[in-house]
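Protein chains in written order, with the working numbering: chain E, 1 to 53; chain F, 1001 to 1213.
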């Protein structure tokens, strides 16, 4: 069974923990790894991004 | 009815921040009785062993030994927690959370997953307790409402190991690479720790659109 397609809501977030970077990042905090991109809410490949505003 | 899936780890400060916000958004939605929540397993440190290491030392290493930058990040996380009434231990242990996740599934079987998640997060991230240890889990689970004998039996075997791996497999299939990651009605997703208002808006959106309306 294929996983469902998710719609990413553009919500205000202030933190996320990413095993790729190994740290819990907050916006505007420089992270020494490109894997930290998702902490800003960037949608992963194949996931649609939209606003719920 | 609205179902919410939350991928999280116990040692994830952002998940610790998110939990009371989600709880509050649900409680004040006016539809709390129609909302169910499943906590799904996600290991931030899948290669970690049973022997804990210090979280701050890990962050410091990730920042190349830059003490000021590591301290700034952790102090900011602590400030966010304290601002919403949660203690935060900048130095807390990190180890394999696999057994804790197995226990989370057992807690869910008894309808107390939220209580167990909240208690472990508070002890681990708020107080710096080694909440990964079997001795801790054997005591924490009954406090949350899991029968003590069942908790002890789980720790002696591999019960719910497949369920933990299934949650992580689904996370990979969904493209989830960071936690917390909240999915409402299987279709609307919020990555990261959002505000209470954002979770509330998402609940409203999920309840007024799609199959759960």
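In this text, a Cβ means the ideal position worked out from N, Cα and C, and glycines have one as well.
Remember, predicted model here, so these are calculated numbers, not experimental data.
Can you name the residues that DSSP bridges to residue i?
i	result
residue 1182(F)	1006(F) and 1190(F)
residue 1093(F)	1054(F)
residue 25(E)	16(E)
State yes or no: is the beta carbon of residue i nearer than 9 Å to at least one beta carbon in chain E?
i	result
residue 958(F)	Since the first residue shown for chain F is 1001 and the last is 1213, residue 958(F) is missing from the structure and cannot be characterised.
residue 1216(F)	Since the displayed chain F opens at 1001 and closes at 1213, residue 1216(F) lies outside it and no answer follows.
residue 1195(F)	yes
residue 1205(F)	yes
residue 1058(F)	yes
residue 1043(F)	yes
residue 1019(F)	no
residue 1120(F)	no
residue 1009(F)	yes
residue 1180(F)	yes
residue 1164(F)	no
residue 1143(F)	no
residue 1183(F)	yes
residue 1192(F)	yes
residue 1001(F)	no
residue 1087(F)	no
residue 1077(F)	yes
residue 1028(F)	no
residue 1052(F)	no
To the nearest whole angstrom, what separates the beta carbons of residue i and residue j, a pair I think is in contact under 8 Å?
i	j	result
residue 1179(F)	residue 1073(F)	Residue 1179(F) to residue 1073(F), Cβ: 17 Å. No contact.
residue 962(F)	residue 1055(F)	In the structure displayed, chain F extends from 1001 to 1213; residue 962(F) sits before or after that span and is not available.
Along the chain, where does the alpha helix (DSSP H) containing residue i start, and where does it finish?
i	result
residue 1207(F)	1196–1208
residue 1110(F)	Where residue 1110(F) is concerned, there is no enclosing alpha helix (DSSP H), given that its DSSP letter is neither H nor E.
residue 1158(F)	Counting along the chain, residue 1158(F) falls outside any alpha helix (DSSP H), and DSSP gives it neither H nor E.
residue 1086(F)	Run containing residue 1086(F): none; DSSP gives neither H nor E here.
Give the range of the beta strand (DSSP E) segment to which residue i is assigned.
i	result
residue 9(E)	7–9
Examine chain F for any beta-carbon lying closer than 9 Å to the beta-carbon of residue i, and answer yes or no.
i	result
residue 30(E)	Only weak support is given to the placement of residue 30(E): the predicted model assigns it a pLDDT of 39, under 50, and the value that follows is read from those uncertain coordinates. So, interface residue.
Quick check for students: name the residue ranges of the alpha helix (DSSP H) that lie wholly in the region 1010–1042 of chain F, counting only runs of 4 or more.
Complete alpha helix (DSSP H) runs here, min 4: 1013–1027.
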